[in-house]
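Q: Protein chains in written order, with our numbering: chain V, 1 to 330; chain B, 1001 to 1384; chain H, 2001 to 2406.
Ideal placement from N, C-alpha and C gives every residue a C-beta, glycine not left out.
Got a structure for you, written out below as structure tokens; questions coming shortly.
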Amino acid sequence: MAEAPVIVFDKIRTVRDTPLEEMFTSGHRTCQGCESAMVMRHFSKAAGPRTIATGSTGCMYVANTAYMTTPWIIPWMHTQLGAGGSSAVGTAAAIRALRRKGKIADEHINAIAFCGDLGGGDMGLSGISAALQTDYDLLIILYDNESAANTDIQATGMTTYGAQTTFTPPGTEHRIMQRRWKKNVAPMLAVGHPTCRYVATASATYPPLDFHNKVRKALAIGGPTFIHTFDPCPKGWDYHPQYSREVGELGIKSGIFPLYEIIDGKVTYTYDARNKERTPVREYLMAQGRFAHLIDEDIDYIQSMVDTMWNEWEVPGLAPFKGGLELAKV
Amino acid sequence: MIKRVEINYRGIFQKNLAKRIGGDIVIIASRMGKVAFSNGRYSDSPERNGIPCKYFAFVSPDLEEEELEAECGAKLDIDEADVSVVLDETMVKGVEPWGWHGVRPINEKVTEKGCLLVVSHKEPEALLKFIGKKPFDYRIAILDGDASLAGLWVFKDDLTHERVLGAIAAVDPEIISIDAVEDFVKWKYKEERRAQAARQAYDATLRRISRVTPELGIEWPHEVPILPKWHEFGEGVVVPAVERGFEMGPRGQSRNTMFKRGTTKTLRPVVRFDLCIGCTLCWLDCPDECFDPVEGKLYDVNYEYCVGCGKCAVVCPVPECIVMVDELKFEDDSSPWEHYRRDPQGYIEWAEEKKGTDRYAYPHVTGTGFEIKAGSAPPAKVGK
Amino acid sequence: MAIAQEPQIWEREDLLTGCQAVSQAVRLADVDVIAAYPIRPYTEVMDTLSKIIADGQLDAEYIIADSEHSQFEIVKHASAVGARSFAGSSGTGWMYGFEALVVTASDRLPVLFLVGNRALDDPGAFGVEHNDALAVRDMGFLLMWATTAQEALEHVLIGYRIAEDKRVRMPMALAMDGAFLTHSQHMVRVPSPEAVKRFLPPYELGDRRLHPDNPISIAPQVNEDWVIELRRQNWEAARRARGVIKEAYQEFNSVFGTDYSNPYFTEFMTDDADYVLVGLGTVAMPGRTAVRRMREQGHKVGYVNLRWFRPFPTEELRACLGRFKGVGVIDRDFAHGSPDSGGILLHEIRSCLYPVKERPKIVNIIGGLGGRDISIADCTTMFERTRQAVESDSDDEVVSWIGLRE
Chain V
1 MAEAPVIVFD
11 KIRTVRDTPL
21 EEMFTSGHRT
31 CQGCESAMVM
41 RHFSKAAGPR
51 TIATGSTGCM
61 YVANTAYMTT
71 PWIIPWMHTQ
81 LGAGGSSAVG
91 TAAAIRALRR
101 KGKIADEHIN
111 AIAFCGDLGG
121 GDMGLSGISA
131 ALQTDYDLLI
141 ILYDNESAAN
151 TDIQATGMTT
161 YGAQTTFTPP
171 GTEHRIMQRR
181 WKKNVAPMLA
191 VGHPTCRYVA
201 TASATYPPLD
211 FHNKVRKALA
221 IGGPTFIHTF
231 DPCPKGWDYH
241 PQYSREVGEL
251 GIKSGIFPLY
261 EIIDGKVTYT
271 YDARNKERTP
281 VREYLMAQGR
291 FAHLIDEDID
301 YIQSMVDTMW
311 NEWEVPGLAP
321 FKGGLELAKV
Chain B
1001 MIKRVEINYR
1011 GIFQKNLAKR
1021 IGGDIVIIAS
1031 RMGKVAFSNG
1041 RYSDSPERNG
1051 IPCKYFAFVS
1061 PDLEEEELEA
1071 ECGAKLDIDE
1081 ADVSVVLDET
1091 MVKGVEPWGW
1101 HGVRPINEKV
1111 TEKGCLLVVS
1121 HKEPEALLKF
1131 IGKKPFDYRI
1141 AILDGDASLA
1151 GLWVFKDDLT
1161 HERVLGAIAA
1171 VDPEIISIDA
1181 VEDFVKWKYK
1191 EERRAQAARQ
1201 AYDATLRRIS
1211 RVTPELGIEW
1221 PHEVPILPKW
1231 HEFGEGVVVP
1241 AVERGFEMGP
1251 RGQSRNTMFK
1261 RGTTKTLRPV
1271 VRFDLCIGCT
1281 LCWLDCPDEC
1291 FDPVEGKLYD
1301 VNYEYCVGCG
1311 KCAVVCPVPE
1321 CIVMVDELKF
1331 EDDSSPWEHY
1341 RRDPQGYIEW
1351 AEEKKGTDRY
1361 AYPHVTGTGF
1371 EIKAGSAPPA
1381 KVGK
Chain H
2001 MAIAQEPQIW
2011 EREDLLTGCQ
2021 AVSQAVRLAD
2031 VDVIAAYPIR
2041 PYTEVMDTLS
2051 KIIADGQLDA
2061 EYIIADSEHS
2071 QFEIVKHASA
2081 VGARSFAGSS
2091 GTGWMYGFEA
2101 LVVTASDRLP
2111 VLFLVGNRAL
2121 DDPGAFGVEH
2131 NDALAVRDMG
2141 FLLMWATTAQ
2151 EALEHVLIGY
2161 RIAEDKRVRM
2171 PMALAMDGAF
2181 LTHSQHMVRV
2191 PSPEAVKRFL
2201 PPYELGDRRL
2211 HPDNPISIAP
2221 QVNEDWVIEL
2231 RRQNWEAARR
2241 ARGVIKEAYQ
2251 EFNSVFGTDY
2261 SNPYFTEFMT
2271 DDADYVLVGL
2281 GTVAMPGRTA
2291 VRRMREQGHK
2301 VGYVNLRWFR
2311 PFPTEELRAC
2321 LGRFKGVGVI
2331 DRDFAHGSPD
2341 SGGILLHEIR
2351 SCLYPVKERP
2361 KIVNIIGGLG
2371 GRDISIADCT
2381 TMFERTRQAV
2391 ESDSDDEVVS
2401 WIGLRE
């Protein structure tokens, strides 16, 4: 079996080795228990001060740099909702040109762009796709709280089947208005961009430091990279903020959110839900008010989709191809 | 005559509740033949869990609708409030909804003869310890009850909505009368018990109104911030980043001074430093970067910035090491670790006294219930 | 001992299209980041630049974007980091990226764009029309029209000089008539890099530069406490631009020996004119030719070719046009449903002339849309209509169309 390529990066081995200094600090208007804020805090902590971040419109824009103030310690710039990919390219291209032409010091600077559901999975997809085809050193992070959260919770391409949002309320005639299955963004990008060396999914809290080290790997491997994080959202998902970590773990352990890395085409599961005793999705769903209107039929459907994902897909949790490869019969 | 009602509430947790109350005031007033309208404070939007927010209702028996709207509508904030409802008692410590404005007194808009109506189990004296003095008489009224908290999708139907309507009728019958409230509640919500709850709250609140004279309360030197003129700040929509700064010790991490967020919390984490095993998870898992690493593998809490989410209490592997405690038990945001370091035994006693034996237990889905369980105070492990 | 050579100003003369002339200027300006995306009729600027880069004549990052929105976002961010950046588009492509353009202006970033004027969709049509470039006029852009390839080349350099000045820091749209200027080949003088270096200083953002050595947050969310003040700042920058424009042209003239006396517009035979036509872009050529021929017949006519649309040269144009009996405003654009249904330039000129006590009669001729020719004869007709309006003293038919099958 081929070994995953060795990437040389400063791995954070234990929680005690986590850098103590913040690059994204207190004083932001995020919800109590916001896991997307955790993503901001930890990607910047992992990347360090020689970083330029661009953030597209969304919760992590409006809630962070609220009211002409900022919690950012690293240089940061707002970008448009669909411009996650293009802002990363613009930043990285300028760094490269100015270094080469001697207009700035010749040192590596991380270029990291982040975007939410819409910026990463819907509107901004074309820009991200183009970015992943370039050879610029950049990292794009899709922080996924499964809704358009900043506009007070609407469904997006990343919203789970059945979830209540202001666009998908259960009604007397239609119980389920959110009939779309969650878009499989990370594998879609990995499959579509063969020269992109690093695509991963992560949670900011579970397992501890996994996200930090994925960020560092992505920044070290060279070229454009992509990480999709799973961010439980107390506001949109309707659970008490203190349970953010637990809800995230349930999502991962039930197999609903696969956790893995794809490095130069090789898939490594961070949490291998194929062979583990997966937590029934019911436990995950019933911990959240956005699923309060689901009945057994809905939960069974979701369970069956998750089981199919892990039991029948060619690349479990990743690629929805089933049943092996066959030649077409003419 | 214009009657202005502001409803102070915890963002998201009481969003639906505040909107129902505000909206129903308008409908009830309309049914009484008055003119009325309601709106949220737009700049509170997007709401975030716990952020102090406001909802407004305006009522007039004699103005045209357009004139009422011209006086009260299309504004960022209310000018003054005849009734200022506080749906969560911890908001009496003051509110900081936006950056640059600092912490504002909860009774900022209450008029002379106006009334601050607080949903609380406490007596007015306990609340006035935190409330700023005003230069004139006003009233404070207590509607006995817990803060009713729920999420966006699952509403907590604990009759708070109906009871607040009854209480408003008690403190200012010129806005809505209790008869009109009862009548409306019966008509709209059908169940008898709801109308009864309103009436009972009305009766009870009548007996819980007290006068607040200018010497009651605390000094609160709050000023409206003076913001820079257009030519007094840099161009290009640029603000300096928070200056980089970290050293071990309390407040060792640099933070955004323009927006502290501490008034978001209803509970704060109390830490038994003696029990701590230094696993780092509280510090690591805090979405608001509130812990300051200190010597001895411990983590101090910066209460100025803590928003009270409770994640640290849940993630801490040591039972009773971090417990969430009612915010109103604390009068300042001083460093707990410094207190512990000066006087470990004294701190432990203080901490246990604050914690008491009540432990707040929330279900996963906030609106489905709330319990108070019994906790225990582990013996001190001093001399670690 | 060798005698020092006189520093060479013009390196050579080349046969260039308007687009190619702009490419040469982008090369000379030592642009750092270029984002390309294809749309007629501006694309050739990007074709030419890619070859220039491939042949090692310009050291720049050249990114092929996935859309105009991405294209404009790329150069905006590159500019924020301190890279001199260039992009462009036409017609519906320009509109696709409009969000990014608006934000570039409010972020006060001096990106230079070539707009190859093209009719807006629907339907798709390639011919020249000015609505695309005009769409940014209220946003805080520098906006000017080149009339010749030479002028286009020079205005890339002048444009960066003005846009990057710290008193300005606004993006610039350099508009050029599609086909008639973008594609038409003329002999163009190309300056030497040394001369350009003497004129164009490097791009320095100072404490607005996005770099780890200068940690800032650019464009934090704001509430009602801030927006109006920010708008006032941008409003002021657009006003300050006028003075910087004058300075830039003086410097350009002194380095290149050119003869730009009035930066904002040129006047042709207006000294004793009774009637003038005003227009943007290549319509100046049949316009001025009509003037010449009518003058030979003894008519007192003149032509004003407006170069700078933003900032609008209010005082200067008021002083100029206020002298005449009649002004015919040529609009190669539309403004459906506007006052009198006149074109955009009409409204600007009427507004500009409002305070003049003895105002000229103003008429508006809409023509040349979607690439329809405006001929010398058409221009003669436009003078006729202007004269008729003055002599009949009528305000009835302020707006008319020309070249329309009706």
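1) When DSSP labels each residue in this structure, what does Gln2008/H get in the three-state scheme?
2) Can you find a C-beta in chain V that's less than 7 Å from the C-beta of Asp2272/H?
3) If you measure between the beta carbons of Glu1327/B and Lys1265/B, is that distance less than 7 Å?
4) Hey, is the segment 114-121 of chain V in contact with the segment 2050-2060 of chain H, meaning 3+ C-beta pairs nearer than 8 Å?
5) For the segment 2186-2209 of chain H, which residues have a beta carbon sitting closer than 8 Å to at least one beta carbon of chain V?
6) Buried or exposed for Pro1336/B, going by 16 or more other Cβ atoms inside 10 Å?
7) Taking the straight line between their C-alpha atoms, what separation do you get for Glu277/V and Thr205/V?
8) Anything in chain V within Cβ reach of Gly2082/H, meaning under 8 Å, just list it in chain order.
9) What does the Cβ neighbour count give for Gln2250/H, buried or exposed, with the cut at 16 atoms within 10 Å?
10) Which of helix, strand or coil does DSSP assign to Ile176/V?
11) Taking Ser86/V and Ile2074/H to be in contact with their CB atoms under 8 Å, please state how far apart those CB atoms are, rounded to whole angstroms.
12) Consider the Cβ of Ala1241/B: report whether some Cβ of chain H lies at a distance smaller than 7 Å.
13) Can you tell me whether Met77/V is buried or exposed? The criterion is at least 16 other CB atoms within 10 Å of its CB, across all chains shown.
14) Do Thr2270/H and Gly2018/H count as a contact pair if the criterion is CB distance below 7 Å?
15) Once the 5 residues before and after Ala2002/H are set aside, which same chain residues still bring their CB inside 8 Å of it?
16) What does Lys322/V pair with, by DSSP beta-bridge criteria?
17) Along the segment 2168-2187 of chain H, what residues have a CB closer than 7 Å to any CB found in chain B?
18) Grab me the residues of Arg2359/H's own chain with a C-beta within less than 6 Å of its C-beta, minus the 5 sequence neighbours each way, in chain order.
19) Can you tell which of Ala2125/H, Gly2178/H, Asp2121/H and Arg2169/H has the C-alpha that lies nearest to the C-alpha of Trp2145/H?
20) In the DSSP output, which residue or residues are listed as bridge partners for Leu2112/H?
21) Given that Gly323/V touches chain H, what residues does it touch there, using C-beta distances under 9 Å?
22) Where does the unbroken beta strand (DSSP E) through Cys1276/B begin, and where does it stop?
23) What are the start and end residues of each continuous alpha helix (DSSP H) run of 4 or more residues lying completely inside the segment 1005-1029 of chain B, in chain order?
24) Name the residue from Asp135/V, Val185/V, Asp152/V and Leu139/V whose alpha carbon lies nearest to the alpha carbon of Thr195/V.
25) So Pro208/V contacts chain B; which residues on that side make the cut at Cβ distance below 9 Å?
26) If we define contact as Cβ-Cβ less than 7 Å, is Tyr67/V a contact residue for chain B?
27) Measure the C-alpha to C-alpha separation of Met2407/H and Arg2385/H and round it to an integer number of angstroms.
28) Output needed for Gly2403/H: all residues of its chain with C-beta closer than 7 Å, excluding positions within five of it in sequence on either side, in chain order.
29) Between the beta-carbon of Phe257/V and the beta-carbon of Gly251/V, is there less than 7 Å?
30) Give the secondary structure of Arg50/V by DSSP, where H, G and I count as helix, E and B as strand, and everything else as coil.
31) At a Cβ threshold of 7 Å, is Arg50/V touching chain H?
32) CB-CB under 6 Å to Ala2290/H, same chain, minus the five flanking residues each way: which ones, in chain order?
33) For Glu1080/B and Lys235/V, I'd like the C-alpha separation in whole angstroms.
34) What are the boundary residues of the beta strand (DSSP E) that Tyr2275/H is part of?
35) Counting only Cβ-Cβ distances shorter than 9 Å, please list the residues of the segment 2106-2128 of chain H near chain B, keeping chain order.
36) Using a Cβ-Cβ cutoff of less than 7 Å, which residues in the same chain neighbour Arg2410/H once the five nearest sequence positions on both sides are dropped?
A: Answer, in terms of the structure:
1) coil
2) no
3) The Cβ atoms of Glu1327/B and Lys1265/B lie closer than 7 Å to each other.
4) no
5) Against chain V - using a Cβ distance shorter than 8 Å - the residues of the segment 2186-2209 of chain H are Pro2202.
6) The residue in question, Pro1336/B, is buried, as its Cβ has 16 or more Cβ neighbours within 10 Å.
7) 21 Å
8) Ala94, Leu98, Lys103 and Ile104
9) Gln2250/H should be labelled exposed.
10) coil
11) 5 Å
12) Chain H contact via Cβ: present.
13) It is buried - the Cβ of Met77/V has at least 16 other Cβ atoms within 10 Å.
14) no
15) With a pLDDT of only 48 at Ala2002/H, under the threshold of 50, the placement of this residue in the model should not be trusted; the figure read from the coordinates follows. So no residue of the chain qualifies.
16) Trp313/V
17) Of all residues in the segment 2168-2187 of chain H, Arg2169 have a Cβ within less than 7 Å of some Cβ in chain B.
18) Leu2353
19) Gly2178/H
20) Phe2086/H and Met2172/H
21) Neighbours of Gly323/V on chain H: none; closest Cβ ~34 Å, over 9 Å.
22) Run containing Cys1276/B: none; DSSP gives neither H nor E here.
23) none
24) Asp135/V
25) Thr1280, Leu1281, Leu1284 and Asp1285
26) yes
27) Look at the range of chain H in this structure, 2001 to 2406, and you will see that residue 2407/H is not part of it.
28) Gly2367, Gly2368, Arg2372, Asp2373, Ile2374 and Asp2378
29) Annotated as proximal: Phe257/V and Gly251/V, with beta-carbon spacing under 7 Å.
30) It is coil, neither helix nor strand.
31) yes
32) Closer than 6 Å at Cβ, skipping near neighbours: Ile2376, Cys2379 and Thr2380.
33) Glu1080/B and Lys235/V have their C-alpha atoms spaced approximately 30 Å apart.
34) It spans Tyr2275 to Leu2280 - the beta strand (DSSP E) in which Tyr2275/H sits, taken as one unbroken run.
35) Ser2106, Asp2107, Arg2108 and Leu2109
36) For chain H, the structure presents residues 2001 to 2406; residue 2410/H sits outside this window and is missing.
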